[in-house]
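Chains A and B, in that order, give the protein sequences. Those letters in the first sequence? Residues 3 to 370, by this note's numbering. Those letters in the second sequence? Residues 3 to 370, by this note's numbering. To start, the structure under review is shown below, and the notes come after it.
There are 2 protein chains.
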Amino acid sequence: MTDRTTDLLPEGLEDRLIQSAAAATRIERAVLDRLTAHGYDRVRPPLIEFERSLAARMDGVSRNHMFRFVDPKSLRTLALRGDITVQVGRIAATSLVEAPRPLRLAYAGQVVKIAGTALEPRRENLQLGAELIGTDSVAAACEIVELAIAALEAAGATGISVDFTMPDLVDVLADGPLPLADREAVRRELDMKDAGALTEAGGAAYLPLLFATGALPEALAELEALNKDGVLDSRIAAISQIAARVEGRARLTLDPTERHGFEYQSWFGFTLYAQGVRGELGRGGTYRIGGSGEVATGFSLYPEELVDAVKAQENIGEKVFLPLGHDEAAAEKLRAEGKRTVAALSDADDAVALGCSHRLEGSEATPL
Amino acid sequence: MTDRTTDLLPEGLEDRLIQSAAAATRIERAVLDRLTAHGYDRVRPPLIEFERSLAARMDGVSRNHMFRFVDPKSLRTLALRGDITVQVGRIAATSLVEAPRPLRLAYAGQVVKIAGTALEPRRENLQLGAELIGTDSVAAACEIVELAIAALEAAGATGISVDFTMPDLVDVLADGPLPLADREAVRRELDMKDAGALTEAGGAAYLPLLFATGALPEALAELEALNKDGVLDSRIAAISQIAARVEGRARLTLDPTERHGFEYQSWFGFTLYAQGVRGELGRGGTYRIGGSGEVATGFSLYPEELVDAVKAQENIGEKVFLPLGHDEAAAEKLRAEGKRTVAALSDADDAVALGCSHRLEGSEATPL
């Protein structure tokens with residue numbers, strides 16, 4: 003038995019079999035329950051939409067990453083969703099445009115992309131998340147970061163790390179005390195973390211950013227070197243406030259110029275990791291909803307790698323074998339107590355082979 | 003606020019908003035929990051597969067009903083799944099081919115078809131179900147019918163009806179005591195329930211079937227008129243045994259020659275209904291898995307209409323407003339007790355507008 007049936011399924015797609023399906027289901031429920039407890043209401047948008055509607059709300063960037071096909075009904079191009087966030091944004095801007103703000107929405111569902119990467123070959127993912135719509139304040143960022151950590155804790159993740167980023171930092175500095183001739187070149191060299199090339203690109207004044215990376219609060223202290231005329235006061239205070247809110251619950255780091263995947267974030271972004279889980283578990287931040295331009299703060303989790311990390315240990319529950327002619331009331335009582343039952347259909351049914359640890363004898367479940 | 007955003011979404015596709023998403027989530031969980039309790043293990047197959055793989059296991063009939071597109075990776079045609087049963091059959095025949103039988107598998111997920119009908123315009127459905135693989139015995143049919151009813155009860159359906167059908171009945175009679183020159187013509191007129199045309203088609207001997215319809219056991223008694231040489235003894239006994247298993251939990255009827263949607267069923271099929279719910283809620287029966295030919299018994303629920311029937315009354319839980327500077331331990335205690343909390347982010351947040359019925363004062367939730 004294996005989860006990989008590569009000869010049967012297209013590359014990057016897989017069946018989640020018994021243990022891993024149980025882990026995925028438990029994690030999905032635990033996360034949604036946590037979001038529900040914090041006042042987030044679930045919405046369930048469809049798997050497919052007009053391609054134009056999905057793409058318009060993504061500024062076109064991910065458009066080529068979606069499976070597309072023609073709808074014989076409307077003769078328009080449809081797309082299989084690659085991200086539920088854009089659908090939640092559409093709902094906030096249309097059906098729920100009159101709902102009071104801040105509007106708290108949650109979602110869970112499968113998303114698909116047309117191609118994986120060498121690092122992330124998976125083309126279908128479970129996406130779980132929360133969006134706090136109508137605000138991108140520091141208070142909103144505090145709630146969303148804390149909620150993301152609480153959701154991961156509820157899912158069973160341990161050793162959680164949160165890496166903060168400040169997506170508009172270069173703009174703030176370049177519009178203020180440290181003007182740049184070629185802003186894009188400086189951004190590129192900051193991404194490469196190449197001090198020599200950064201200086202050549204005219205970004206010598208930005209060198210301290212290369213050191214404002216790593217554990218908080220040390221990284222924030224390094225950032226003070228660039229805080230001319232207090233231009234970064236509010237940003238540094240905001241990051242400190244968010245960090246204080248979740249102190250002790252996660253390892254906190256700063257990578258102030260990280261841009262990859264934060265193209266839509268405004269002043270704040272973060273990436274989530276957990277011990278023993280390959281790659282990122284999710285990300286979030288502040289942004290403007292495509293189309294409507296309304297401000298929002300949110301996060302998405304992609305827990306597939308967490309599922310893979312825990313599936314071998316996933317507890318799928320104890321099964322009690324019910325022999326032919328068993329006491330049905332006793333069986334229902336076991337189920338009401340949370341036990342699972344497996345009823346014999348013929349004399350040939352083998353309790354142990356069927357994964358049972360107990361057998362109902364009279365009204366008692368006795369170990370096999 | 004409305005669930006219908008027809009101008010924004012393709013025909014037959016909709017957003018499930020707060021109340022109806024909560025109802026769908028509750029129903030999905032309740033059904034899966036019931037299946038889990040009865041020993042069914044969930045599997046989660048992908049949303050898309052090779053079209054040929056899905057179609058081969060459906061005998062090609064539903065092939066034109068699926069959205070199809072070319073995979074840039076494999077250059078093969080993929081399809082968006084229209085039915086999870088065929089995927090479960092593929093898993094049983096491949097990854098889980100060595101798992102002991104009977105193999106009990108459960109599933110839940112979205113399925114999509116390319117076109118709705120006038121009666122069922124919806125193109126995306128939630129499909130929930132259970133498959134008992136490796137057996138199509140009367141005992142298997144008893145378990146599956148009882149489980150389907152138990153699943154609907156758990157979902158909150160009331161006034162449940164089960165309509166039994168006997169898909170191979172005409173074959174059994176025609177191969178035995180009542181030979182036919184044109185079997186297909188007789189089947190067609192039985193579908194039309196047209197006594198004159200049935201006689202003209204050479205099926206005069208089959209006229210009693212038109213009366214063997216309606217409430218059990220009266221319909222079964224009518225069927226006895228055709229039970230020449232005891233050819234129907236085992237079938238009548240089987241239906242009676244299944245009926246006895248669920249007596250008092252559902253209204254039971256028989257429509258022995260109903261064929262629509264039972265093209266894959268072998269000796270037994272059934273359709274599920276509930277009071278106040280438009281159309282069918284699901285169906286099931288005995289069948290052979292496409293490709294492997296292994297026998298199986300199972301059912302699928304399509305609870306969208308049940309969701310629509312209950313969504314206005316769906317209880318999404320009481321929300322407690324947490325003012326700025328609230329006692330966080332008291333808030334966590336409320337959540338642990340199953341309450342939902344909504345934290346103020348600024349002085350402008352309005353507890354009543356945000357749907358809160360209570361407000362945390364000190365450590366107490368007081369009504370607003």
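Where a beta carbon is used, it is the ideal one built from N, C-alpha and C, also for glycine.
For E282 (chain B), the closest alpha carbon among the candidates B:P48, B:M68, B:I162, B:A81 is that of B:I162. Within the stretch 35-50 of chain A, the residues whose Cβ lies closer than 8 Å to any Cβ of chain B are, in chain order, T38, A39, H40, G41, D43, R44, V45, R46, P47, P48, L49, I50.
Residues of chain A with a Cβ closer than 9 Å to the Cβ of R54 (chain B) do not exist, since the nearest Cβ in that chain sits about 11 Å away. A residue is called buried once 16 or more other Cβ atoms fall within 10 Å of its Cβ, and R92 (chain B) is buried on that count. Cβ neighbours of L80 (chain A) within its own chain (closer than 8 Å, five residues either side excluded): I50, E51, F52, E53, R70, F71, V72, D73.
In this chain, the alpha helix (DSSP H) harbouring R237 (chain B) covers 235-247. Burial check for G198 (chain A): the Cβ neighbour count within 10 Å stays below 16, so the residue is exposed. Taken through DSSP and simplified to helix, strand or coil, Q267 (chain B) comes out as strand. By the neighbour-count criterion, in which a residue is buried when 16 or more other Cβ atoms sit within 10 angstroms of its Cβ, H262 (chain A) is exposed.
Within chain A, the residues G41 have their CB atoms less than 9 Å from the CB of K321 (chain B), given in chain order.
By the 16-neighbour rule on beta-carbons within 10 angstroms, L326 (chain A) is exposed.
E186 (chain A) has its alpha-carbon roughly 43 Å from the corresponding atom of A39 (chain A).
Within the DSSP secondary-structure output, A298 (chain A) pairs in a beta bridge with A:I135, A:Y289. For A367 (chain B), the number of other beta carbons within 10 angstroms of its own is at least 16, and it is reported as buried.
Proximity to E265 (chain B) across B:R31, B:A206, B:R290, B:A141 peaks at B:R290, based on C-alpha coordinates. Inclusion of L56 (chain A) and V88 (chain A) in the CB contact set at 9 Å is warranted, their separation being smaller than that value. The Cβ-Cβ distance between R342 (chain B) and V322 (chain B) falls below 9 Å.
For A345 (chain A), the beta-bridge partners assigned by DSSP are A:L324. The alpha carbon of M194 (chain A) has as its nearest neighbour, out of A:T259, A:S76, A:E100, the alpha carbon of A:T259. Residue-level contact by beta carbon fails for L256 (chain B) and chain A, as no gap is shorter than 9 Å. Considering only A:G287, A:G319, A:D349, A:L303, the residue with the shortest C-alpha distance to V140 (chain A) is A:G287. The criterion of a C-beta distance shorter than 9 Å is not satisfied by I146 (chain B) and A252 (chain B). When Cβ-Cβ separations below 9 Å define contact, R290 (chain A) makes no contact with chain B. Annotation: A153 (chain B) to V172 (chain A) spans about 57 Å, alpha carbon to alpha carbon. From the listed residues B:T137, B:L192, B:G300, the smallest Cα separation to L347 (chain A) is found for B:T137.
Between the C-alpha atoms of W269 (chain A) and D170 (chain A) there is a straight-line separation of about 5 Å. Under a 10 Å Cβ-count criterion, V99 (chain A) is classified as exposed, with fewer than 16 other Cβ atoms of the shown protein chains found around its own Cβ. In this structure the stretch 113-129 of chain B touches the stretch 11-31 of chain B; the number of beta carbon pairs closer than 8 Å is three or more. Counting C-beta pairs with one atom in each stretch, the stretch 176-184 of chain B and the stretch 203-210 of chain B have three or more that are closer than 8 Å, which means they touch. Residues L134, D138, A142, A143, I146, T288 of the same chain have their beta carbon placed closer than 6 Å to that of T299 (chain A), with the five preceding and five following residues left out of the count. Nearest Cα to R106 (chain A) within the set B:T201, B:L105, B:L19, B:H67: B:L19. Taking 9 Å as the threshold, the shortest C-beta distance from P305 (chain B) to chain A does not fall below it. The Cβ atoms of S294 (chain A) and A25 (chain A) do not sit closer than 9 Å to each other. Assigned with DSSP and collapsed to three states, G232 (chain B) falls in helix. Proximity of chain B to Q112 (chain A) at the Cβ level (cut-off 7 Å) is accounted for by L49, in chain order. Membership of D165 (chain A) in the beta strand (DSSP E) is indicated by the continuous run 163-167.
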